[in-house]
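Novice:
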Amino acid sequence: MSEEINEFKINKFTPSKSIYIEASAGTGKTYTIQLIVARMLTEGTPLKKILIVTYTEKAAGELKDRIRKKIDEVLQKGRIDKSEPELSPEQMANFRKAYQDVDNAAIFTIHSFCQKALKEYAYDAGRPFDMAMVDDSAVEDMVDQYIRDKWSKDDEFIALLREAESASSLIENLKSYFIKAVDMYKGVDASGKEVVTIDEVEMPKLGEKALSLEELQKIAQAKKFEELVSTLHLEGHLEIFEANTDKFFTKKNTGPIPEFLSSLKKWKKGTPLYDGSFKDGKCPQEDWPKNMYASFCYLKELKGFLSDIDKKVEKVKLHKFLIAHTPQLFDAWQAYKAENKLQSFNDMILSVHKAVMEPGSALKERLSAQYTYAIIDEFQDTNQLQWDIFSNVFQNFVVGDPKQSIYSFQGADVNVYKKATGEIGKKIDLVHNFRSTDGIINGCNALFSGNYFAPAEGMPELVKFTDSYPPEGENAGQKKKAPEIDGNEVRSIWLSEKDISADSFAATAVAHIIDWCSFREDGKTTRLQVFDKDYGKPGHDSVLKNVTFKDFAILAKSRSEMENIESIMRSVGVPYTQYKETNLFRSRECAEWISLFRAINAPDFSSWNRQLLSEVLITDFFKDVVAERERATRGSEQSSGLEELHYAESKEFDDPNNPERLQIASWRTLALKRRYAEMLERIYDDTQIEYRLMDVSRLQSMARLRQIGNYAIDYLYNHRCSLDDLIRHLQGLARYEESADDENGDLVEKGSDFNAVQVMTIHASKGLEFPVVISVAGFKQLPNSKPPYITHGKDDSLHLGFGDTAKECRQREEMEEWKRLFYVDFTRASSLLLIPRYDVWYKSGGEKSGHFKHVHFLMDALENFAENSKGLYDSLLKKDQWVTAQEGIAEKANLVKDILARTNEANSNTVDLDKAITEQKVEIASLQGKVASASIMQYSYSSLSGRAETPIAEADDSRTEKEGESTAEEIPVPGMENYPRGTKVGDALHNILERMRFKAFGERFKSLEDALGHNSNIETSELENVIEEEFKAQSLPIAAHKKEWTEITARLVWNTLHASLPVIEGAEIHRDATFRLVELPLNDHKPEVQFGMNAYAGNPEDSGTDAPPAETEALTILHRVCKGFIDLLFVREVNKQKRYSILDWKSDSLENYSDAEIKKKVDEDYSVQRVLYSYCLIQWLKQFYGKRADGSGKGLDEQQIFEQHFGGIYYAFLRGTDGATSKGIYAHTWKDYASLEKAYGEVKKLMSKKKKDEGEN
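In our numbering, the protein residues as written are 8 to 1264.
1) Pull up the distance between the alpha-carbon of residue 106 and that of residue 542, whole angstroms please.
2) Based on DSSP bridge pairs, tell me the residues matched to residue 1138.
3) Looking only at C-alpha atoms, which of 60, 90, 200, 861 sits nearest to residue 19?
4) Can you check the region 764-813 for any beta strand (DSSP E) of at least 3 residues that lies completely inside it and give the ranges in chain order?
5) Residue 695: buried (16+ other C-beta within 10 angstroms of its C-beta) or exposed?
6) Can the beta-carbon of residue 384 be found closer than 7 Å to that of residue 406?
7) Look up residue 1024 in the DSSP assignment and say whether it is helix, strand or coil.
8) On the criterion of 16 or more Cβ atoms from any shown chain inside 10 Å, does residue 1161 qualify as buried, or is it exposed?
9) Whole angstroms are fine: how far does the CA of residue 223 sit from the CA of residue 7?
10) Just to confirm my understanding: we take residue 361, look at its own chain, exclude 5 residues before and 5 after, and list those with CB closer than 7 Å. What are they?
11) Taking DSSP as the reference, what is the three-state secondary structure of residue 240?
12) Kindly provide the ranges of any alpha helix (DSSP H) runs that are 4 or more residues long and lie completely inside the region 41-66, ordered along the chain.
13) Ignoring anything shorter than 4 residues, give me the alpha helix (DSSP H) runs that lie fully in the region 384-451, in order along the chain.
14) What is the residue span of the beta strand (DSSP E) that residue 836 lies within?
15) Should residue 810 go down as buried or exposed, given a rule of 16 or more other Cβ atoms within 10 Å for buried?
16) What separation, rounded to the nearest whole angstrom, lies between the Cα atoms of residue 257 and residue 1011?
17) Please report how far the alpha carbon of residue 298 lies from the alpha carbon of residue 266, in whole angstroms.
18) Among residues of its own chain, excluding the 5 on either side of residue 1181, which ones have a beta-carbon nearer than 6 Å to its beta-carbon?
19) Please say whether residue 1034 and residue 1063 have beta carbons closer to each other than 7 Å?
20) Apply the 10 Å Cβ neighbour rule to residue 687 and answer buried if 16 or more other Cβ atoms are within range, or exposed otherwise.
21) Less than 8 Å between the CB atoms is what I'm expecting for residue 521 and residue 903, so what's the real figure, rounded?
22) Give the DSSP-derived three-state secondary structure of residue 1152 in the structure shown.
23) Do you know offhand how far residue 779's Cα is from residue 486's?
24) Which term fits residue 332, buried or exposed, when burial requires 16 or more other beta carbons within 10 angstroms of its beta carbon?
25) With DSSP collapsed to three states, give me the class of residue 479.
26) Can you find the residues in the same chain that come closer than 7 Å, C-beta to C-beta, to residue 626, ignoring five residues on each side of it along the sequence?
27) What is the residue span of the beta strand (DSSP E) that residue 1009 lies within?
28) Compare the C-alpha of residue 226 against each of 200, 1139, 320 and name the closest.
29) Residue 1238 and residue 1074 look like a contact to me (Cβ under 8 Å); what is the Cβ gap, rounded to whole Å?
30) Let's see if you can read the secondary structure: which residues bound the beta strand (DSSP E) around residue 584?
31) Measure the C-alpha to C-alpha separation of residue 986 and residue 993 and round it to an integer number of angstroms.
32) Hey, quick one: how far does the alpha helix (DSSP H) through residue 333 stretch, first residue to last?
33) Give every residue of the same chain whose Cβ lies closer than 7 Å to the Cβ of residue 65, excluding the five residues on either side of it in the sequence, and list them in chain order.
34) If we count Cβ pairs, one from each stretch, closer than 8 Å, do we get three or more for the region 493-504 versus the region 833-842?
35) With DSSP run on the structure shown, which of helix, strand or coil describes residue 997?
36) If you draw a straight line from the alpha carbon of residue 239 to that of residue 1042, how long is it in whole angstroms?
This is how it looks when you write it as structure tokens:
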């Protein structure tokens, strides 16, 4: 053991001086805090004078329980530790008083401490007494107000709007940047110094020179090469080349200098500076004069610099505006909150900080009198503001581990830990690990020693790793016994092969979970046994214990990394529960509720509505019925999700008197009467879903279903809306992008007594321990972060930056945190740890992949561990073949059933379930008491069938691409017969295309072979991940068909984005002029656009109260329809005019995709929709090109807008597109605006007629 280690000994501890205790994982940190409190009580300090601050409310509650337990133990044994002498009567009296006071012990989180201080001592802190809480994200409303009322008159803001490619995108970006910046920027402290310094605008460099904005603008304004020469003073560089015209670019004398100079001089803005054939290489580097090569390097840099010069100028102006206005906005927001007696969590800390740091602070005096000592737990998660408060007021005892500082995204700052512990000076070490086996302890020592925590170049050293040790000496009896398999001792760390895929590792891990939980021949012991931490307590007579599912924890970096292994566990019935479930509405259960509500909302199941019935029949509400009938029909014991999907489309369900259809019809009747709570109760009673999901493996799913069901009914009542509105709302929630580290999402309550595998993020696992840990983290690429960024200066000061340098600095700091993250990950295991080495980390030649730089340190550590620590790990061999065979899945599922039956868990949950159902009925009764009526919400255009009895506005008035029709001959797609059909796959394809950046996609995947992964030089993992995520979000069984379905989907996406679309200019469709979606830059296409239109706009008097009731109701419905989402809006410049177009993705399965068949489909099903698309587009463009109320604007009328800016309506039938032709594309326009307006009038009549017909019936 190193001589530097100063171990904690309670008999040597005295509270006379501040100390810091560094506690590695499993070394008894909480127990040490108990001993410190006990020592303070022994010396006469009342419990109420000891302030304890920890990181979470949960930890605070647990710590209070532990201290109560310790006080009770002292009262029973008469001493604070076995090495300590007996306490005197006076000391025992101190503990009796403390036991009475323990419920009121001062144990807080930092926020609850500040809140209490501000409430009790509001006068001393200079704060109002009755402050309400507000989230700082509410500053968005203030940003909107500034944009509308202040910045609209600001010259810099107007310039930004004028020069932006998309004004709406600029405004959305501004809002998101300001919300984030106001949260990060903390204003000034009591001395007037900025808490977080805002960096100056980062100016682009050309060569070694940072250019000014004026210089940048001159470069951007240059149209010809001569202007570049004079602006950048290129004469000297050109003279060098003109003096060496005998030189060439290659050893073969190709690329002569005169041609290079000629290419330069032909430059015009918007083109490359010189021809691409003039490349850097051995000849310029070796044969040219040095000054000539230096000039070429400058020109090469200039070539790249010019390629996005306009964006550079826009970026500098944007950052300049953000930097100038962030402090102003922060001050205005703080003033608004103060005026309205509002405060955020940040404000509480800022207020206490400001108050205690002021000279002669009254609050400091009050707090220092109230508390004698402060014990700060999890000190590595503090920050400078918090440390200023504690160091300025109290004598402190801090406990932490810098190796576990992983919450920088929540403001934790390990730099502060290093600085603060340096100020405290006296260090105590906890080095003996009491919770893990020797194998885990020694294995982690080997993994994390050496260069693991060595900082990257330019980064400060924040963590020094020291070994942990098993219990020794008088504590040697607390060593943990190694795990055993079939009675034989095994190593505690299992390392996978070097090239395992995420799916293969997941299948292997699940196979081991099932195998290890299985019982041996004696029927009493499981194959895997681990040490029993309760050994010696009543009922725990053996050192080793059986493992159950709840002994396994699966840890991931983000929610998306859990999906592979969750999918496999679901397929065989392995029970699992998520410790903290974020993004509840992206779950399979939410997708199933959406399917059910869509089916209930359907007036019938004819035509395209039939797919809604197919969808709902394969949800958990009906799935067992479908599976039962399929088994009866086919004699199959097990059916795949795909087979169920197709079986649900059988003729059996076409009968209106089918039992399932009658149930749905009865629920629809209740919904139409707005008896939603009764509808919910009937759904549960009729389907018996709660009893069918009573198996422990489905309890998490049942909890989610109940929570979403209650939320949905509550939403219907509270928002006074329709099922259509609810469906759209749930779909919007389901599309919400998750944050990798967000632990504050929608939580499903965790039943800790369930016999279920625990799945969680590494962040959520901190502070916990598990017998077996399976790490699945690290196979996803890092998301692209957006500004602003918090970084550290050389003096550890905090900086707020918007530029690339700040981004790179932040990324380097996050890389260091990733090292700490995996330390937390691996040290959660007490008996067994399974670690993958993913194939995506490496290129085909075995080199490290540049896409996974964030885990290069881990790859090195695992490589070193595998080579040099062979005695510390076992090889984890692949067990993944079973998951691809139906027989293998069935075998594992039967094993799981046997395990659950043997552990008696399946039966023991019946009482709990009955209780839960009773509670559910009480909740429904509560919902019944609410009153519901309709409200005007928003509909999606995509959800509108729009099927008229005859197509609206036929050939006389509408224009469609008709010439040169494609034939009905189809190009067969391998595996398409097994590809899913229906709305679920349609939604998945929509969401995939919504996430595509068209131009970037085209640049990466130039050929179909590239997109299919047949080119080893092209990385496809990102596309594959998107496909997999969206299919799983729709509960489509992609795990069993991954390669086939991924390739088909990639093919559909590539073909659609590369298909040729005819150019539309107003009334004209140009068949001979085409374009492709991959030509559109990011700022020129916008998915899921919302047009807020008024259906009465064309005829204001239609909205009057004198209109017939049926027509008024019809127009109200139309009004809602005109406030919805459109799949894609894009803009192109055609003949110097901006043309705006709408495109709708269609995943319909047609017999063939000839132009005639597609036109027939659109005429039959989307004739209303194309009218509304066209009309709304024109009305939306009026905002920009028409005459505004204040007299501003272009002053164009609808016909002029149609002629000059209307770019047509397109439908892309995804299954029929071909990247080489316009096959699968439908293009539509109108003869003139009058024809469109006439068609729009027919739509209104149609809606009125439908309402009238419904009223008569």
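Where a beta carbon is used, it is the ideal one built from N, C-alpha and C, also for glycine.
As the structure is a prediction and not an experimental result, all values here were calculated from the model.
Specialist: To lay it out plainly:
1) 28 Å
2) 1147
3) 90
4) 764-768, 777-782, 796-799, 805-808
5) exposed
6) yes
7) coil
8) buried
9) In the structure displayed, the chain extends from 8 to 1264; residue 7 sits before or after that span and is not available.
10) 196, 197
11) coil
12) none
13) 391-400, 421-431
14) 836-842
15) buried
16) 29 Å
17) 19 Å
18) 1216, 1243
19) no
20) buried
21) 6 Å
22) strand
23) 17 Å
24) buried
25) coil
26) 599, 602, 603
27) That residue, residue 1009, is in no beta strand (DSSP E); its alpha helix (DSSP H) goes 1005-1011.
28) 320
29) 6 Å
30) 583-585
31) 12 Å
32) 316-346
33) none
34) yes
35) helix
36) 58 Å
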